[in-house]
Amino acid sequence: MEAEQEEPLEEIDLMAIPRKRLELAPIHLHETLQEALEKLNKGEGEALYVQRMSAPGIWRIYGILTREQIESSYQL
């Protein structure tokens, strides 16, 4: 049996893909929407990634939270 030759993978420049890119900042899973909004208002990021330590030194990311999401579901 002859070994199949693998074709070289095409390199993709992810920055060339047109998308809206946001500056991210962390927020802990236990923080409130009010605390999240305060972080965004302080300019700590344009969006927050929600995280929690699942084991010593291991952080799990649960998702991204934007100002629009907070404002659509939360009234001061």
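Residues in the sequence shown are numbered consecutively from -18, following this note's numbering. A virtual CB, placed ideally from N, CA and C, is assigned to each residue, including glycine.
Just so you know, the alpha carbons of Gln32 and Thr47 end up roughly 14 Å apart.
The C-beta of Leu10 has fewer than 16 other C-beta atoms within 10 Å across all chains shown, which makes the residue exposed. Gly26 and Gln(-14) have their C-alpha atoms some 46 Å from each other.
Taking every protein chain shown into account, the CB of Leu(-5) has fewer than 16 other CB atoms within 10 angstroms, so this residue is exposed. Counted as a single uninterrupted DSSP element, the alpha helix (DSSP H) harbouring Leu18 occupies residues 14 to 22.
Exclusion of the five residues before and after Ser35 leaves Arg41 as the residues of its chain whose Cβ lies within less than 6 Å of its Cβ. DSSP, read as helix, strand or coil, puts Arg2 in coil.
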